Each structure stands twice: as C-alpha cells, then as structure tokens.
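In numbering that gives the first Met the number 0, the protein residues as written are 0 to 558.
Report on the following structure.
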Amino acid sequence: MGKAERGKEDNSDVVQSCIGNFGRWQLWLCLWISVLKFPVAWHSLGIVFLAPPVDSWCRRPTALQNLTDEQWRNMSQPSAASGTQDRDSCRMYDVNYTAEPYNRPPSNHSTVACVDWEYDRSVFRETIVTQWDLVCDRRQLANVAQTVFMFGILVGNVLFGMVADRFGRKEPLVVACVMQAVFGSACAFIPWFEGFLVMRFLTAAAVGGSMVTSFVICMEILGGWWRMAFSVLFHLPFSVGHATLPAIAYFAKDWHIFQLAISLPSILSLVYWWVIPESPRWLLAVGRDDKAIEILDRAARINKLDTSTLAQRIQSISIHKNKTKDVENMKKANILDLFRTPNMRLKTVCMYFIWVVCGLCFYGLSQYMGQIGGNIFINVAISGLISLPGMSSCIYLMGRFGRKRTILSSLMLAAVSCLLIMAVPQTPEWPKATLAALGIFGMSVAFPTAYLYAAELFPTVVRNVGLGSSSMCARFGSMVAPYVTSLTTFGFFVPPLTFGVAPLVGTLLCLFLPETANTKLPDTLEEGESFGKKINKTKTTTGSSNKGFIDEDSPVKPY
C-alpha cells in the first residue's frame with residue numbers, strides 16, 4: 000500500500016489532515032479490531048447451541064430401565080392432539096407401569112404431568128435445557144436467557160459508551176474483552192440457572208462494551224468515504240463468526256465446553272493493550288495534545304505522509320472552540336425534537352419500526368434456522384455464510400440504486416421468503432431452510448443499509464440521538480426474537496408468518512421515506528422537517544455532501 004489517501008475535503012479535520020482518510024496504519028488497526036467481532040457473534044448467537052431443540056419425555060420408573068427409549072415412549076406418551084402422530088412430552092398415562100409394563104393404555108385414559116424428564120442425547124450430550132429441565136412449563140426460560148443477553152448488550156452499549164467518553168476508548172475496550180472472557184467462562188461453572196442468567200447478563204454487557212468502543216475507535220481514525228465503507232464492512236467478521244459457530248458446537252457437544260470455547264479466546268485481547276493506541280481524536284478533545292501528537296506522528300510516518308508540520312497544524316486548529324460549538328448544538332436539540340413536527344415525526348416512526356424489524360428478523364431467523372429440523376450444524380452454517388454476500392454487496396447496491404430502493408427490496412425479499420415457508424411441505428426440511436436462508440440474506444442487506452439510511456436521514460443536530468435511539472429499537476426487536484421463534488407450539492406457521500409480515504410492513508413504511516443518496520443532507524431541525532417533502536425537493540449534488548454522515552461521537556452500535 001502506498002501513501003494514505005488525504006482528501007482536500009478533510010483539511011479542516013485535524014486528525015485526517017495529519018494521517019489521511021485511510022492508510023496502512025488505519026488498515027492494520029481496523030483489521031485487529033475487526034477480530035473482536037468473532038466472539039461477539041459467538042456469544043450473541045450461542046443460544047442456538049446452548050438451548051437447541053431436544054426431544055424429551057417423562058422419566059421411566061427405575062424398574063423399567065431395561066426398556067429402550069422407543070419402547071418406553073410408545074407405552075407412556077399420549078398423543079399431543081387427537082388424530083396426530085405427535086407425542087405429548089409433558090404428560091404420561093396415569094397407570095401402574097410396574098404392574099403392567101408392556102400394555103399401552105387406551106388413548107382416552109387419564110394422564111398426569113411429568114415430574115422429571117429424560118432427553119434424546121444422540122446429538123448433544125448436555126445443554127442448558129437438559130441440565131435445568133427447561134421444557135414444558137419452564138420452556139420459556141430458555142428464551143429468557145436470550146432476552147437477558149440482548150438487554151445486557153443494550154446496557155453495555157450505554158455504560159461503556161459513557162465510560163469511553165470519560166476515560167478514553169482503549170482502556171474500556173480491553174476491560175470489556177477481559178470481562179467477556181471472565182464472565183463468559185463463569186457461565187459454564189454456575190450450577191444454578193438464576194446464577195447463569197446473571198453471568199450471561201454480565202457477559203452481554205461486556206460484549207456490548209467491546210462493540211461500542213471498538214467501533215468508535217475505527218470511526219475516529221477513518222475519514223471520508225472510508226468511514227462509510229467501514230460502517231458496512233465492520234459487519235463482515237460478525238458473519239464469519241456466525242458461520243464458524245456450528246464448527247465449535249460440533250466438536251463441543253456439551254454446553255459447558257462450548258461456553259468455554261467461545262469465551263476463553265477473548266483473553267487473548269490483552270495484547271490489545273500494546274497493539275491498539277488511544278484514539279487521537281479523543282485525546283485532542285480532552286486536551287491531551289502531546290500524547291495525540293505522538294500517536295499521529297507515528298501514524299503519519301506509517302502512512303508515508305509528511306510530519307514536519309504536524310505539531311503546528313494541531314496547534315493551529317481550535318479544538319476546544321469546535322468542541323464548545325458541538326456542545327451548544329447538542330443543547331439545542333433532543334430526542335423530543337424528532338417528534339415535534341409532522342414530517343420529522345413520520346420519518347422517525349418509520350425508521351424506528353424498520354430498525355425493530357431488522358433486530359427481530361435477523362436474530363429471529365438465525366435462531367429459527369436451528370429449530371426447523373434437519374442438520375442443525377449445516378443449517379446454522381448456511382445462515383452465517385449467506386449473510387456474507389449480503390453484507391458485501393451493500394456498498395455497491397446503496398451506491399448504484401440508492402438507500403431507499405436497497406432497503407425496500409431487501410425487506411421485501413425477506414418478507415416473501417418467510418411467507419413462502421408456510422406454503423412448502425414441512426418435510427423434507429431443506430425447502431424451509433433455503434427460504435429462511437434467503438430471508439437472512441435479505442436482512443443482512445437491510446441491517447447495514449438501515450444504519451447508513453438513518454444516519455443520513457436525521458438532521459445533524461439530532462443525528463446522534465436519532466441513531467442511538469434507532470439502535471435501541473433494533474435491540475428491543477432482538478429481545479422479542481426468541482419468543483417469536485418458540486411460537487411453533489401454536490402452529491408451525493406462526494414464526495414464519497411473523498417474520499414475513501414484519502418486514503412487509505417495513506417495506507410499506509419505506510415508501511414514506513425520502514431518498515438520501517446524492518442529496519444535501521439536513522443540518523437543522525427546519526431542514527429535517529422539509530427534507531423529503533414534495534413541495535420542497537432537495538437539490539442533488541455530486542454526493543460529497545454525504546461525507547459527514549457519521550458523527551464521531553455517534554452512540555449507534557453495529558450488531
């Protein structure tokens with residue numbers, strides 16, 4: 000790689016004027032930091048293998064231990080519903096099995112609820128379901144574990160975001176990664192389900208912390224077009240982690256070993272203490288100019304840029320004046336301003352719902368792939384691999400067709416794919432898996448597009464709060480996802496119907512949003528209100544106005 004790109008548009012940005020928009024220094028730092036997305040994916044989607052679907056039935060009396068599983072189930076399990084072949088895994092016939100061990104009672108015989116269970120351990124030796132009997136009346140507790148995790152990520156995003164603003168980006172990043180390893184490993188040794196939930200919440204908070212701090216570091220060292228590109232490409236390691244998760248689970252079929260396998264690698268992030276520098280932009284913002292100059296000088300040399308006037312350029316720009324101006328702007332607007340005027344309110348509600356759909360359907364379909372039958376390892380691997388081309392194509396699709404048409408088409412693809420699941424035979428499983436994978440492909444395009452679309456749609460004065468609140472909506476969607484996936488108890492069609500209708504509604508709401516590609520983006524609340532109105536069309540430009548679509552202090556986090 001040659002010299003770093005230093006666009007003339009960034010001369011007013013002290014960091015980019017010193018080190019360029021992108022160079023060898025930024026490349027290596029972003030590659031190092033991208034590796035952190037692997038354990039983020041492993042923990043976020045680990046519930047698929049921590050609580051996979053496992054056949055269960057009432058435990059047999061000690062005197063009947065010589066019976067095979069199939070013999071015992073045939074004689075003890077009533078049908079789940081009249082006229083069906085499905086068995087009720089929560090009840091057994093109320094008879095004296097010791098006295099009549101081989102006579103199956105008539106179908107109308109009375110039944111009793113199970114007090115203990117046996118499990119099919121042909122695929123997984125031990126899961127959280129089998130260890131804590133998360134079946135029948137306790138079935139939803141497995142979903143609680145995932146909801147607690149997603150809530151923990153939300154809390155971690157907020158808390159570590161504040162800590163990173165106060166103490167810098169580097170130290171909270173390393174602390175979050177170590178916490179990931181410690182609390183994640185502790186999950187494997189907790190003998191009580193309640194304690195497992197606590198450790199899982201703390202692990203999730205650490206995951207959320209690593210997400211926010213790593214993303215912000217990269218956004219603060221990149222400039223121009225590269226900032227936009229990285230906001231999309233940053234998702235790719237997550238998909239790689241998603242695709243490799245089944246391999247880990249295949250060789251670790253006991254959930255304790257699996258949990259350790261996805262947690263312990265994070266301890267290697269201690270090396271980041273020596274590899275990753277503090278964000279020079281943050282150092283300048285808090286007045287630590289000497290340290291910032293030291294880092295920027297080394298970065299400029301690696302990028303093969305002139306450093307002879309670097310210190311003078313930093314001293315000539317009034318960082319504190321710009322910071323004061325930003326603070327004043329933030330005081331002028333808050334989240335309520337997104338709802339004060341009708342056009343802004345409409346766009347905000349539509350964007351919020353689209354983000355809920357993204358969180359709900361991406362995580363929901365990823366978990367659904369592990370529930371539809373067939374080979375769970377192949378299904379989940381496909382769901383991870385299929386998202387790679389989706390995310391990779393985002394930059395081209397958004398540049399070629401615009402943000403609106405890209406997200407509208409991807410949501411429609413997800414909607415149609417999920418709705419078609421109800422029309423295909425339930426066996427064999429591959430048609431359902433194929434359609435669900437297409438749905439994930441659609442969502443893997445929609446999610447990064449929604450990030451860029453929202454960043455360009457909200458006016459500058461409320462961009463941070465608009466992006467942050469949109470990200471929270473996605474997290475709420477991901478909290479609901481496991482419950483939707485488990486709705487198969489009410490009918491096989493309920494989860495795909497939900498995952499189909501939600502993006503379909505999102506597609507319709509996209510029609511109310513304006514295109515933001517190659518437009519002059521709104522800065523004030525007044526411009527935000529008029530932006531997209533037919534009576535006040537925004538003049539198109541060469542697209543350079545979009546270069547500042549991501550604020551350095553944006554609280555939004557990639558998934």
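Don't be surprised by glycine CBs; every beta carbon is placed ideally from N, CA and C.
Being a predicted model, the structure only gives us computed values, none of them experimental.
Identified DSSP bridge partners for C57: Within the sequence shown, numbered from 1, the residue matching residue 57 stands at position 58. Bridge partners of C57: W116.
Reference P430, options I371, D115, A445 and L456, closest by Cα: Here residue 430 refers to the residue found at position 431 of the sequence shown. It is I371 whose Cα lies nearest to the Cα of P430.
4 or more residues per run - each alpha helix (DSSP H) lying fully within the segment 329 to 416: 341 to 367 and 375 to 391
Cβ-Cβ distance between G465 and V356 below 8 Å: Residue mapping note: residue 465 aligns to position 466 of the sequence shown, counting from 1. Residue mapping note: residue 356 aligns to position 357 of the sequence shown, counting from 1. Contact: no.
Rounded C-alpha distance that separates R137 from P236: Within the sequence shown, residue 137 is the residue found at index 138, counting from 1. Within the sequence shown, residue 236 is the residue found at index 237, counting from 1. Looking at the two C-alpha atoms, the distance is approximately 35 Å.
DSSP three-state assignment for Y452, whether helix, strand or coil: Locating residue 452 in the sequence shown gives position 453, counting from the first residue. Of the three classes helix, strand and coil, the one that applies to Y452 here is helix, per DSSP.
Cβ contact (3+ pairs, closer than 8 Å) linking the segment 248 to 266 and the segment 413 to 426: No: fewer than three Cβ pairs fall under 8 Å.
Distance CB(L244)-CB(V379) smaller than 8 Å: If you number the sequence shown from 1, residue 244 lands on position 245. If you number the sequence shown from 1, residue 379 lands on position 380. The answer is yes: Cβ separation under 8 Å.
Cutoff 6 Å; reference A204; Cβ partners in own chain excluding five residues on either side: Position 205 of the sequence shown, counted from the start, is the residue given in the question as residue 204. These residues qualify, in order along the chain: G151, V154 and G155.
Straight-line gap, I247 to S307 (C-alpha atoms, nearest Å): Taking the sequence shown and counting its residues from 1, one reaches residue 247 at position 248. Taking the sequence shown and counting its residues from 1, one reaches residue 307 at position 308. For I247 and S307, the distance between alpha carbons rounds to 50 Å.
Supposed contact pair Q145 and G481 - C-beta distance, whole angstroms, cut 8 Å: Within the sequence shown, numbered from 1, the residue matching residue 481 stands at position 482. Within the sequence shown, numbered from 1, the residue matching residue 145 stands at position 146. Reading the sequence as shown, one finds Pro at residue 481 and not Gly. Going by Cβ atoms, the distance from P481 to Q145 rounds to 4 Å, so yes, they are a contact pair.
Opening and closing residue of the beta strand (DSSP E) in which Y92 lies: Reading the sequence shown from its first residue, position 93 is the one you call residue 92. Note, Y92: beta strand (DSSP E), R90 to Y92.
DSSP bridge partner residues for S78 (one or two, in chain order): Taking the sequence shown and counting its residues from 1, the one referred to as residue 78 is at position 79. Partner(s): R86.
Residue from C135, S106 and L49 with nearest C-alpha to F123: By 1-based counting over the sequence shown, the position of residue 123 is 124. Ranking C135, S106 and L49 by Cα distance to F123 puts L49 first.
Whole-angstrom C-beta distance between C89 and A112, which should lie under 8 Å: Here residue 112 is taken as the residue at index 113 of the sequence shown, counted from 1. Here residue 89 is taken as the residue at index 90 of the sequence shown, counted from 1. Cβ atoms of A112 and C89 come within 8 Å of each other, at about 6 Å.
For S485 and S78, the rounded distance between their alpha carbons: Here residue 78 is taken as the residue at index 79 of the sequence shown, counted from 1. Here residue 485 is taken as the residue at index 486 of the sequence shown, counted from 1. About 20 Å.
Nonlocal neighbours in the same chain, by C-beta distance under 7 Å from A501, ignoring five residues either side: The residue labelled residue 501 in the question sits at position 502 within the sequence shown. Cβ neighbours of A501 beyond the five flanking positions: V356, L359 and C360.
Local conformation of F491 per DSSP, three classes: The residue you call residue 491 lines up with position 492 of the sequence shown. Looking at F491 - three-state DSSP - the assignment turns out to be coil, as it is neither helix nor strand.
Unbroken alpha helix (DSSP H) run spanning P171, endpoints: On the sequence shown, residue 171 is found 172 positions in, with the first residue counted as 1. Counting along the chain, the alpha helix (DSSP H) containing P171 begins and ends at K169 to C186.
Buried versus exposed call for F511 [16 or more other C-beta atoms within 10 Å across all chains shown]: Working through the sequence shown from its first residue, we reach residue 511 at position 512. Exposed, by the Cβ-count rule.
Exposed unless 16 or more other CB atoms sit within 10 angstroms - verdict on Q76: On the sequence shown, residue 76 is found 77 positions in, with the first residue counted as 1. By the 10 Å Cβ count, Q76 comes out buried.
Assigned secondary structure, F21 (DSSP; H/G/I helix, E/B strand, else coil): Translated into positions along the sequence shown, residue 21 becomes position 22. If DSSP states are grouped into helix, strand and coil, F21 belongs with the strands.
Stretch pair the segment 467 to 479 + the segment 400 to 413: three plus CB contacts closer than 8 Å: no
Identity of the residues DSSP links to D253 by a beta bridge: Stepping through the sequence shown from its first residue, residue 253 is reached at position 254. In the DSSP output, where bridge partners are listed per residue, D253 has E125.
Segment contact, 8 Å Cβ cut-off, at least three pairs: the segment 13 to 27 with the segment 338 to 345: no
Beta-carbon proximity check, C135 vs M91, cutoff 8 Å: The residue given as residue 135 occupies position 136 in the sequence shown. The residue given as residue 91 occupies position 92 in the sequence shown. Taking 8 Å as the Cβ cut-off, C135 and M91 do not qualify as a contacting pair.
Neighbourhood of R86 by C-beta distance below 8 Å, restricted to the same chain and skipping five residues each side: The sequence position of residue 86 within the sequence shown is 87, counting from 1. The answer, listed in chain order, is W56, R72, Q76, P77, S78 and A79.
V13 to C217 span [Cα, whole Å]: As a first step, residue 13 is located in the sequence shown; it is residue number 14 there, counting from the start. As a first step, residue 217 is located in the sequence shown; it is residue number 218 there, counting from the start. Roughly 16 Å between the two C-alpha positions.
Assigned exposure category for P60 - 16 Cβ within 10 Å defines buried: Taking the sequence shown and counting its residues from 1, one reaches residue 60 at position 61. Its Cβ having fewer than 16 others within 10 Å, P60 is exposed.
Selected residue, minimal CA-CA separation from D68, among D119, P105 and W31: Position 69 of the sequence shown, counted from the start, is the residue given in the question as residue 68. The shortest C-alpha separation from D68 is found at D119.
In DSSP terms, what T560 is bridged to: The structure shown has nothing for residue 560, since the chain only spans 0 to 558.
Buried or exposed by the 16-neighbour rule on C-beta atoms within 10 Å, applied to K532: Here residue 532 refers to the residue found at position 533 of the sequence shown. Exposed is the call here.
Extent of the continuous alpha helix (DSSP H) to which K290 belongs: On the sequence shown, residue 290 is found 291 positions in, with the first residue counted as 1. Note, K290: alpha helix (DSSP H), D288 to I301.
The segment 521 to 529 / the segment 449 to 458 touching (three or more Cβ pairs under 8 Å): Yes, they touch.
Through-space distance from A251 to I353, alpha-carbon basis: Reading the sequence shown from its first residue, position 354 is the one you call residue 353. Reading the sequence shown from its first residue, position 252 is the one you call residue 251. Taking the straight line joining both Cα atoms gives about 37 Å.
8 Å Cβ cutoff met for F183 and Q258: Working through the sequence shown from its first residue, we reach residue 183 at position 184. Working through the sequence shown from its first residue, we reach residue 258 at position 259. In the sequence as presented, Phe is not what sits at residue 183; that position holds Gly. G183 places its beta carbon less than 8 Å from that of Q258.
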